[in-house]
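A short write-up of the structure that comes next.
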Amino acid sequence: MDLKKLAARLIPDEDLPSLEDCERAYPPRKLKEGAEVTRLAPSPTGFIHLGNLYSALADERAAHTTGGIFYLRIEDTDEKRRVEGAVESVIRSLDYFGLKFDEGAEIVGENAYGPYYQRRRAPIYRAFAKDLIERGLAYPCFCTEEELDETRKIQTERKEVTGYYGAYAKCRNLSEEQIYAALDSGKPFVIRLKSQGDVNIKHTFRDAIKGGITVTENNQDVVILKSDGIPTYHFAHAIDDHFMRTTLVIRGEEWLSSLPIHIELFKVLGFDLPRYGHTCSLMKVDGGTKRKLSKRKDPELSLDFYRGAGYYPQAVIKYLMTILNSNFEEWAAKHPEEDYKNFPFSVSKMGKSGALFDLDKLNDVSRDELSKLTPEEMYGFLNGWVKEFGTAADRAHFEDREYIQKILALIMGAGQKKRRKDIVRAEQGVRLMDYFFDDAFAPEYSFRFEADAVNAMLTAFAETYDENDDNSAWFAKLKQAAAKAGFAAENAEYKANPSAYKGNVSDAAEIVRIAITGSPNSPDLCTVMGILGRERSLARIAAAKVK
Ligand code: GLU
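Note that this note's numbering has the sequence shown beginning at 4, numbered continuously upward.
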């Protein structure tokens with residue numbers, strides 16, 4: 004068969020680059036020895052999740068700890084799944100977490116290896132498909148969906164591997180007449196690889212994450228160009244990762260089963276194979292068993308969840324680092340002030356199976372990270388969240404920067420040896436400050452004492468309150484008021500004779516605390532009252548009296 008003629012009939016494009024043109028246009032990168040070129044290659048479906056971030060962080064660290072390049076490629080070969088704005092959303096999401104691409108789709112920078120949208124690279128794929136046809140390594144297939152379904156059914160009944168291979172590859176050996184007759188009658192076709200592999204042959208393969216694994220040769224005649232002339236993931240992956248000069252392909256372990264196909268494609272295309280690292284899935288413990296995080300059941304899988312709830316981006320990243328490299332935690336504990344970017348990240352230390360994602364642990368990391376901020380920095384972080392996700396009232400409160408910073412200094416224990424770690428994330432932190440604002444203060448008082456004891460304490464305290472008192476004077480007056488209201492001013496007195504009192508001094512203080520803050524727990528009450536000011540504090544005490 005005249006394969007050149009067939010190739011020209013199947014792929015008649017006149018403006019295809021030559022294979023040498025491609026090699027020249029995308030030469031090997033001039034990077035220092037050991038520099039990794041990695042990529043995030045999402046389909047623009049609009050859903051970017053924690054697993055993507057986990058992978059992207061590994062990519063970014065692998066590239067940037069070796070002086071390499073981390074780029075963004077958009078795998079948009081499936082037009083049906085494309086969602087408007089998805090690319091911007093990927094970039095924005097990663098940017099929120101501080102991950103920056105060096106080049107790629109919509110990235111301003113050196114973009115010499117573009118275009119980075121696969122649909123815009125069609126001539127390159129078509130040139131290589133044409134070459135494979137000419138070399139007898141690819142062929143047209145006219146099978147309809149129904150025929151393929153039928154074959155699959157038979158294979159399933161016979162308990163055989165499903166797919167297009169061996170005797171099931173009906174179009175593999177069509178005669179010249181049959182091919183041209185089909186083409187003349189206008190039958191749609193796809194281009195398939197004519198696999199040269201043998202499933203009886205196994206090779207050992209070194210995965211950068213999983214280590215030594217056994218890979219069986221491919222014998223599937225996979226589709227390389229679909230009927231619309233657009234490549235499949237397999238074909239585009241081989242061509243793009245070659246010409247974008249990727250050195251390390253980090254991707255989800257769901258692609259492990261396609262690895263034999265990719266190994267064969269790189270081979271027939273004459274390209275060196277990049278290194279691969281297949282990441283394990285993120286799991287969570289649910290009812291005592293481990294299971295994969297699920298889009299349907301687990302809101303924490305979506306990256307939008309972290310922004311909406313106001314997680315501190317650096318905390319999420321640091322927590323993911325602890326999952327990526329198990330020695331990160333120890334390093335971070337030894338170097339509490341150091342940027343996580345200085346950690347010697349290693350792909351080979353990544354977990355080989357089921358990485359456990361635990362929100363409680365993330366919350367702990369988050370508390371720690373946030374406790375290191377100054378009140379000014381915390382203001383900036385919370386204000387960012389408030390602007391995007393807060394209520395109109397929150398936004399109004401945050402206009403008074405000085406007032407908020409005073410509250411934050413107290414809540415965070417600024418200037419104290421041991422910082423408080425009350426703030427876990429922005430949403431919760433903002434709510435934690437609500438009681439400092441009358442329009443957000445909606446207390447449900449839950450006093451543990453009878454009305455007359457509560458009222459007596461509140462009245463006695465209000466009579467002595469002087470906003471100019473320092474902490475110890477304030478406390479001395481609280482004790483006086485407690486005694487006047489029938490509580491023990493000293494704990495020792497109370498212990499010696501509990502039945503003589505309504506309660507001890509801390510019970511009395513709790514009454515005032517609930518009146519002022521609505522809660523039996525709060526930071527230093529004297530300071531809280533100082534921030535609220537005399538008028539507001541006394542008004543709250545009056546309002547809390549039991550009628
Ligand atoms: N587009 C593929 C995906 O989103 C990329 C896989 C890869 O990184 O090669 O799963």
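No residue lacks a Cβ here, since even glycine has one placed at the ideal position from N, Cα and C.
On a predicted model such as this, the values are computed, not experimentally measured, just so you know.
| Item | Value |
| --- | --- |
| Exposed unless 16 or more other CB atoms sit within 10 angstroms - verdict on residue 206 | exposed |
| Extent of the continuous alpha helix (DSSP H) run through residue 529 | 528-535 |
| Where residue 85 sits in the DSSP three-state scheme | coil |
| Separation of residue 202 from residue 169, as counted between CA atoms | 11 Å |
| Buried versus exposed call for residue 474 [16 or more other C-beta atoms within 10 Å across all chains shown] | exposed |
| Terminal residues of the alpha helix (DSSP H) in which residue 309 lies | 306-311 |
| Extent of the continuous beta strand (DSSP E) run through residue 288 | 285-289 |
| Residue 455, enclosing alpha helix (DSSP H) - first and last residue | 454-467 |
| The alpha helix (DSSP H) enclosing residue 520, as first and last residue numbers | 508-520 |
| For residue 67 and residue 531, the rounded distance between their alpha carbons | 46 Å |
| heavy atom of the ligand GLU below 7 Å from residue 63 C-beta | no |
| Segment limits, beta strand (DSSP E) that includes residue 382 | It is not in any beta strand (DSSP E) - residue 382 instead sits in the alpha helix (DSSP H) that spans 378-392. |
| Three-pair Cβ contact test at 8 Å for the segment 448-460 versus the segment 505-516 | yes |
| Any non-hydrogen atom of the ligand ATP within 7 Å of residue 234 CB | By its list of ligands, the structure shown excludes the ligand ATP, since it contains just the ligand GLU. |
| Residue 226 beta carbon near the ligand GLU (any heavy atom closer than 7 Å) | no |
| Counterpart residues of residue 15 in DSSP-defined beta bridges | The partner list for residue 15 (beta bridge, DSSP) is empty, contrary to what the question assumes. |
| Closer than 7 Å: residue 280 CB and nearest the ligand GLU heavy atom | no |
| Proximal residues to residue 417 (C-beta, below 6 Å), its chain only, five neighbours per side dropped | 378 |
| Inter-residue spacing [alpha-carbon to alpha-carbon] between residue 500 and residue 509 | 16 Å |
| CB contact flag (residue 368, residue 318, <8 Å) | yes |
| Beta-carbon proximity of residue 255 to residue 54, cut-off 8 Å | yes |
| Residues that residue 348 bridges to, as DSSP identifies them | The partner list for residue 348 (beta bridge, DSSP) is empty, contrary to what the question assumes. |
| Residue 227 vs residue 115 beta-carbon contact at 8 Å | no |
| Stretch-stretch touch, CB-based, cutoff 8 Å, three pairs: the segment 454-473 with the segment 536-547 | yes |
| Three-state secondary structure assigned by DSSP to residue 545 | helix |
| Length-filtered (3 minimum) beta strand (DSSP E) runs lying within the segment 225-287 | 226-228, 251-255, 278-282 |
| Beta-carbon separation (whole angstroms), residue 249 vs residue 40, contact threshold 8 Å | 5 Å |
| Residue 245: CB within 7 Å of a non-hydrogen atom of the ligand GLU | no |
| Residue 281 classed as buried or exposed, judged by whether at least 16 other C-beta atoms fall within 10 angstroms | buried |
| Cut-off 7 Å between Cβ atoms - residues of its own chain near residue 357, not counting five sequence neighbours on either side | 283, 284, 286, 293 |
| Residue 75, enclosing beta strand (DSSP E) - first and last residue | 72-75 |
| Three-way DSSP call (helix, strand, coil) for residue 338 in this model | coil |
| Rounded C-alpha distance that separates residue 555 from residue 230 | This structure cannot speak to residue 555, because the chain is shown only from 4 to 550. |
| Separation of residue 175 from residue 265, as counted between CA atoms | 20 Å |
| Stretch pair the segment 109-129 + the segment 72-79: three plus CB contacts closer than 8 Å | yes |
| Rounded Cβ spacing between residue 321 and residue 372 (contact assumed at less than 8 Å) | 6 Å |
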